[in-house]
Structures are given as C-alpha cells and as structure tokens.
Amino acid sequence: MADYTALRGNRSKSRIFLILFTAIAAIALIVGIVLIALAIKKKGETDNEASSTSTSPAASSFCDYSEEAKRIRLEEIIMRAKKTYYEKHPFMLPEDPDASREEIKKKYTSYNPTPDYIKSVTDAAWSLYNEVKEIKVDSKKLKPRERKALSQLKHYMKTVFGQPFDMNFYAGDWMMGPTFYCHPRQQVICNLGAHLQGLLRSLKPENLQDIELIEEKLKTHKKGILRYIENLKMGKLHGMVHSQDACEAGRNALRNRFLEIALKNETDHQKLREMSPSRFGLISGTCAICDDCGLATGDHNSLDMLDNAPKTVQGKDLNCQMVYVGSDSLV
Numbered sequence: 008m009a010d011y012t013a014l015r016g017n018r019s020k021s022r023i024f025l026i027l028f029t030a031i032a033a034i035a036l037i038v039g040i041v042l043i044a045l046a047i048k049k050k051g052e053t054d055n056e057a058s059s060t061s062t063s064p065a066a067s068s069f070c071d072y073s074e075e076a077k078r079i080r081l082e083e084i085i086m087r088a089k090k091t092y093y094e095k096h097p098f099m100l101p102e103d104p105d106a107s108r109e110e111i112k113k114k115y116t117s118y119n120p121t122p123d124y125i126k127s128v129t130d131a132a133w134s135l136y137n138e139v140k141e142i143k144v145d146s147k148k149l150k151p152r153e154r155k156a157l158s159q160l161k162h163y164m165k166t167v168f169g170q171p172f173d174m175n176f177y178a179g180d181w182m183m184g185p186t187f188y189c190h191p192r193q194q195v196i197c198n199l200g201a202h203l204q205g206l207l208r209s210l211k212p213e214n215l216q217d218i219e220l221i222e223e224k225l226k227t228h229k230k231g232i233l234r235y236i237e238n239l240k241m242g243k244l245h246g247m248v249h250s251q252d253a254c255e256a257g258r259n260a261l262r263n264r265f266l267e268i269a270l271k272n273e274t275d276h277q278k279l280r281e282m283s284p285s286r287f288g289l290i291s292g293t294c295a296i297c298d299d300c301g302l303a304t305g306d307h308n309s310l311d312m313l314d315n316a317p318k319t320v321q322g323k324d325l326n327c328q329m330v331y332v333g334s335d336s337l338v
C-alpha cells in the first residue's frame, strides 16, 4: 500500500513537471515567434528605406535628359518650336495647355491666309529646321525617346509644322484649294469649325464685354474665307489648278467637312445641280477657275457669290467667265 502511494506521488510530480515544462516551452515558443516577427518587420522597414533612398536618384535619372541632349539643348529647341507654332497660328491658341484665358483673349485671331502670312509661317518653320539640322549631335548618346523626338521635330519643321499644303508658300499648293482628304491638320480651311469650337470653349462669356469680344472675333473669320477665295483666283492666273477629278474630290471633301452648311445654306442649289459640267468650263480632264467666283469648278454649289456674277459672256449663257486650263481661248 505504501509502495502504491509512493508511486502515485511520483507520477503526480512527473505530471506537474511535464505540464510546467510544456507551459514554459509554449511561452518560449510564442516569445520566439514574436521576436522573429518583430525582427523581420524591422528588417523590412530598413530595407524599404534603403531601397527608396537608393532608387529615387535612379528613377529621377531615368526621366532626366541625357548629357548629349543637355549639350544640344534639346528641351530648349522643342519649347522654342512650340512657342513659334502658336505665335504663327494664333487661331490654335485654345489648344495650347499653357495658354491662359487672358492670353487667348488678347492674341487669338482667325485664319487669314494672305501670301505674306503664309510666307512668314514657312520661313519660320524652315529657319528652325535649318537650325536643328546644323546641330552636331551624337545620336548614339541620346536616349531612344530623345532620338525619336529630334527626328520628329525635324520632320515637323520641314513640312511647315505638319502642314505641307496650305502653309508651304514656295510650293504654291495654297492656291489650289482643298484636297481629297481635306485633312484638318494639313489644310487649315478644313479646320475652321474646330477653331470656333476651341474659341467658344476657352472664352465662355462671363459678362457683356466677353460676349462683345466673342462677337468681334467671330466676325473676323469672314475675312479669312474671302482671302482664301482670292488665293484660288491667284492660282488660276498662275496655272496652279487641280485636275477635274481632284477638283471635284476637293469640293466634295470640303462640303462633307461642313455638311450642314452645304445642305442648308446654299443659294439656288437645285439650279446649280441641273447645270452640266460644260457650263463650269470643264474640258480635257482639267479644272477651270471662275474669274468672278474665284473658286474651282463645283465649289459654286456651296456659295452665294453667283448672284453677283455676270450671266452672259460673249453671248453665251454662263454663270461666270471661265478660262480653260491648257487652252488659249476664253469661253
């Protein structure tokens, strides 16, 4: 009996020691896990701080201009090209993200393609192009985006701010009217609606003076359109005319660009539709220009200038005097 009691006492002590050891081990395990977690967290924060400190200069240097670009002052050239563009195209000022409302109020003017104006735009663009072309640059030292920007800038200047037709004075295309595409970025006459939209969006009237200002600026667009017609007359005098097909394609493209005006604001539309091509002076696939209208064949349909044109020339029933391109005779 005594042995049994002693055995039970030893078992109880062993159980107590086992429980106590297990508890201590569990506490030690928990403390160890907590310490490890804290150490990992602290290490992660240290690594993040170190990486942010070390990568900030790298990220900054990635976006910076290369040494070669800084040497040739690439950023300065690009900014000067932008400034020149908006100086020569004041009707595009509403698209300049850096232009203020007051600047648009002061500098915005409508498109008025006088020969002197077109020549000044061409000369300004080609002056920048020649300046950029003469720069000695090591392309291998430029970053890929810098090489691309420099190449695009040269092409942009060479094509007269991306307008090789209406703004290239020396090519003479500005006397020939719109092309088949009537591209708004290449032929300004095809983008007049966007000019007005940009103006009205940028100069939302806040008082009576603003309304009067907008009214005055809107009225100036008439002068530019009439000047465009005069340029077409000049083209006729110098033989700068499209073929018949190109002439009709340009007319249709312009009508499509201003479709509402072409459909709803024409004069004597039905009468002109019934007139035969011969009455417009078409012969041998060439396009004739009207002395009094000043427009390429077919453009009469969308203008009311025919009312003031002579009805007869040398006894013939014509709307205006025509000259056949490639012919010595006047009809």
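Position in the sequence shown (first residue = 1) + 7 = our numbering.
Ideal Cβ placement from N, Cα and C applies to all residues, glycine included.
Candidates the options, of which the one nearest residue i by Cα
i       : options                            : result
Cys-197 : Arg-108, Glu-74, Gly-231, Ser-146  : Gly-231
Gln-204 : Phe-187, Pro-185, Lys-224, His-190 : Lys-224
Lys-126 : Met-174, Leu-135, Lys-143, Val-144 : Met-174
Lys-240 : Met-182, Leu-261, Ile-34           : Met-182
Tyr-235 : Glu-82, Gln-194, Gln-251, His-202  : Gln-194
Ala-140 : Lys-89, Ile-84, His-202            : Reading off the sequence shown, one finds Lys at residue 140, where the question assumed Ala. Checking every option, the nearest Cα to that of Lys-140 belongs to Ile-84.
Glu-255 : Phe-187, Ile-111, Ala-201, Arg-192 : Phe-187
Glu-74  : Lys-150, Glu-109, Ala-201, Asp-105 : Lys-150
Gly-179 : Pro-101, Pro-120, His-96, Tyr-115  : Pro-120
Pro-212 : Tyr-92, Glu-109, Ala-253           : Glu-109
Pro-104 : Lys-90, Leu-199, Val-144, Asn-259  : Lys-90
Leu-233 : Glu-153, Ser-117, Thr-29           : Ser-117
Gln-159 : Leu-81, Ala-253, His-228, Phe-28   : Leu-81
Val-144 : His-190, Pro-122, Arg-78           : Arg-78
Glu-153 : Ile-40, Glu-219, Cys-70            : Cys-70
Met-86  : Gly-200, Leu-266, Leu-157, Asn-272 : Leu-157
Glu-94  : Asn-137, Tyr-124, His-245, Glu-138 : Tyr-124
Gly-242 : Pro-122, Lys-50, Glu-138           : Pro-122
Tyr-92  : Leu-215, Arg-192, Gly-39           : Arg-192
Distance, residue j Cα to residue i Cα
i       : j       : result
Ile-23  : Glu-52  : 43 Å
Gly-184 : Asp-217 : 34 Å
Lys-226 : Arg-262 : 21 Å
Ile-31  : Ala-44  : 20 Å
Lys-112 : Leu-210 : 7 Å
Ala-106 : His-202 : 15 Å
Ser-146 : Leu-270 : 53 Å
Asn-259 : Pro-171 : 21 Å
Thr-208 : Ile-268 : Per the sequence shown, the amino acid found at residue 208 is Arg instead of Thr. Taking the straight line from one Cα to the other gives about 21 Å.
Ala-35  : Leu-27  : 12 Å
Lys-114 : Pro-97  : 6 Å
Lys-148 : Val-41  : 53 Å
Ala-46  : Thr-29  : 25 Å
Glu-102 : Ser-250 : 35 Å
Lys-48  : Lys-155 : 45 Å
Cys-189 : Glu-237 : 19 Å
Environment of residue i [buried if 16+ CB atoms lie within 10 Å]
i       : result
Ala-88  : buried
Phe-168 : buried
Met-247 : buried
Lys-20  : exposed
Leu-100 : buried
Leu-199 : buried
Val-128 : buried
Ala-76  : buried
Using a Cβ distance threshold of 8 Å, determine whether the region 132 to 146 contacts the region 160 to 168, with at least three qualifying pairs required.
yes
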